[in-house]
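Novice:
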Amino acid sequence: MKTNLHHITLLGVVAALTACGGGSGGGDTPPPASSSSSSSVVSSSSSSSSSSVESSSSSSSVSSEGPIAIEPDFDLYATTPTDFPVGVAVSAANENYSIFNHSDASARQDVITRHFSQLTAGNIMKMSYLHPQEDTFTFGDADQLVGFAETNGMTVHGHALVWHSSYQVPGFMNNYDGDFAAMLTDHVTNVVQHFETEYPGVVTSWDVVNEAVDQGAGDGFRRSVFYNELPPATDGDIPEYLKVAFQAARDAAPDVDLYYNDYDNTANETRLNKTLQIAEALNEEGTIDGVGFQMHIYMGYPSLSHFENAFQQVVDMGLKVKLTEIDVSVVNPYGSNPPAQPEYDEQLANDQKQRFCQVAEVYLDTVPAEQRGGFTVWGLTDDESWLMNQFANSTGADYDDVWPLLFNADLSAKPALQGVADAFTGQGCN
Ligand code: 9MR
């Protein structure tokens with residue numbers, strides 16, 4: 001595996017290639033309260049000493065002057081004060097932006113292997129991709145991705161063994177005619193064991209269950225097929241399927257870190273408390289190692305104190321905290337009046353740099369080294385983010401871009417990358 005001490009820089013310069021295709025979309029991250037880019041703290045527009053902000057004309061996706069880019073003199077994962085994973089979600093197989101098939105695949109791989117030490121599959125390790133029929137497992141695409149990680153000294157965070165999202169639940173699990181708990185155990189066991197056997201030590205953690213909370217449901221737990229088949233055994237308990245899935249994963253891979261992962265669980269107290277209830281119940285059984293906070297956030301919301309409070313409560317349980325799906329949209333379209341498309345100028349790029357820095361800083365300040373599960377961004381380049389489709393589908397707001405990630409469409413690094421490195425190296429956020 002990569003470590004901070006043993007790293008050889010693979011690339012000095014990123015290639016400027018034109019990315020194409022639309023964002024992926026779907027998903028159901030909910031609306032927090034309103035905020036917009038203009039609410040963030042105004043900061044200097046100058047870049048930090050170790051990077052230079054410059055313009056280029058290689059992209060047409062941002063301002064008329066081209067993307068606001070830096071030339072990092074660091075490899076992001078190697079800047080961490082302790083050796084926790086720094087991850088990125090990637091597309092693979094024949095998906096849009098696949099790191100294997102896209103027109104810029106080789107340059108994309110170079111940026112990824114340079115700056116990150118861990119991969120999450122954005123989609124291709126979800127349930128229906130790996131286990132489409134009861135007696136059929138399809139590991140080919142995932143094997144290509146996990147093998148790529150292994151070859152490049154990276155680890156993989158498995159995502160996700162159990163997720164309600166309807167079209168990703170294998171058809172055979174709906175209206176299942178048999179012992180549902182045994183079937184679920186079999187699913188988890190087979191998937192986890194496959195990677196344990198084929199790629200020992202590479203898949204170091206799993207989201208065992210994703211998004212079990214629904215504050216609109218009576219007891220706060222989502223009415224999925226899993227809930228309906230294996231509900232809480234007694235009033236006030238967590239649904240049985242969570243216990244079954246975590247136990248199966250623990251038995252299949254005792255050394256792999258097991259996470260419960262959810263969204264909107266920092267500022268939203270109801271959702272945070274449900275997340276904590278799940279973590280506490282599984283912790284009593286000894287089958288959970290940490291809580292994943294997705295962190296699909298905005299420039300001014302949630303506040304840093306919300307993050308601190310949420311992370312601290314998990315730390316106090318003795319569990320790990322992993323930021324699993326970070327993106328920072330520069331607009332928050334939810335609310336009565338979605339903001340207009342802002343111009344992504346140097347001021348906004350610098351505000352976003354500061355925001356990314358502060359998120360990384362509060363993570364380091366709140367979570368002790370031994371409880372840091374990692375820091376993962378949900379996608380590599382702005383143009384591949386799921387958010388544009390999400391916003392268009394759920395609010396009708398049709399933005400050209402919301403610039404949520406660390407790299408521009410042409411694979412050049414954004415000031416935001418510098419912001420994360422500044423936090424990791426203790427330089428403060430400006
Ligand atoms: O980014 C993913 C997008 O490409 C998919 O269409 C979508 C539905 O499968 O899932 C997105 O990823 C989600 C993740 O798996 C769980 N948390 C929310 C993410 C964004 O929706």
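Quick note on the UniProt record's numbering: the sequence shown kicks off at 1 and runs consecutively. Yeah, the Cβ is synthetic: ideal placement off N, Cα and C, and Gly gets one too.
(1) Just checking my contact of residue 350 with residue 381 at CB under 8 Å: how many whole Å lie between their CB atoms?
(2) Within 10 angstroms of the Cβ of residue 254, are there 16 or more other Cβ atoms? Answer buried if so, exposed if not.
(3) When every heavy atom of the ligand 9MR is checked, does at least one fall within less than 7 Å of the C-beta of residue 433?
(4) Quickly, what does DSSP pair residue 274 with across the bridge? List them, please.
(5) Are the stretch 384 to 402 and the stretch 415 to 430 touching, with three or more C-beta to C-beta distances below 8 Å?
(6) Is the stretch 225 to 238 in contact with the stretch 198 to 207, if contact means three or more CB pairs nearer than 8 Å?
(7) Enumerate in chain order the residues of its own chain whose CB-to-CB distance from residue 283 is below 7 Å, with the five nearest sequence positions on each side excluded.
(8) Where do the ends of the alpha helix (DSSP H) carrying residue 303 lie?
(9) Can you tell me the Cα-Cα spacing of residue 363 and residue 308, whole angstroms?
(10) Between the C-alpha atoms of residue 110 and residue 70, what's the straight-line distance to the nearest angstrom?
(11) Can you check whether the CB of residue 377 is closer than 8 Å to the CB of residue 422?
(12) Looking at the unbroken beta strand (DSSP E) that takes in residue 326, where does it start and where does it end?
(13) If we ignore side chains and look at the alpha-carbon of each, how far apart do residue 152 and residue 219 end up?
(14) Taking residue 344 as part of the alpha helix (DSSP H), name the residues at either end of that continuous run.
(15) Name the residue from 229, 428 and 420 whose alpha carbon lies nearest to the alpha carbon of residue 72.
(16) For residue 82, does the three-state DSSP call read helix, strand or coil?
(17) Can you tell me the Cα-Cα spacing of residue 116 and residue 86, whole angstroms?
(18) Please say whether residue 206 and residue 244 have beta carbons closer to each other than 8 Å?
(19) For the ligand 9MR, any of its heavy atoms closer than 7 Å to the Cβ of residue 394?
(20) If we count the other Cβ atoms within 10 Å of its Cβ and call it buried at 16 or more, is residue 42 buried or exposed?
(21) Taking C-alpha atoms, which residue in 406, 144, 184 and 276 lies nearest to residue 313?
Specialist: Let me spell this out:
(1) Not a contact, Cβ separation roughly 19 Å.
(2) exposed
(3) What is shown of the chain runs 1 to 430, which leaves residue 433 out entirely.
(4) Per DSSP, none; premise fails for residue 274.
(5) no
(6) no
(7) 317 and 319
(8) Element bounds for residue 303: n/a, residue is neither H nor E.
(9) 7 Å
(10) 16 Å
(11) no
(12) 320 to 329
(13) 44 Å
(14) Counting along the chain, residue 344 falls outside any alpha helix (DSSP H), and DSSP gives it neither H nor E.
(15) 420
(16) coil
(17) 5 Å
(18) no
(19) no
(20) Residue confidence for residue 42 is low, a pLDDT of 24 falling below 50, so the modelled location carries little weight; the figure read from the coordinates is stated next. By the neighbour-count rule (16 or more Cβ atoms within 10 Å), residue 42 is not buried but exposed.
(21) 276
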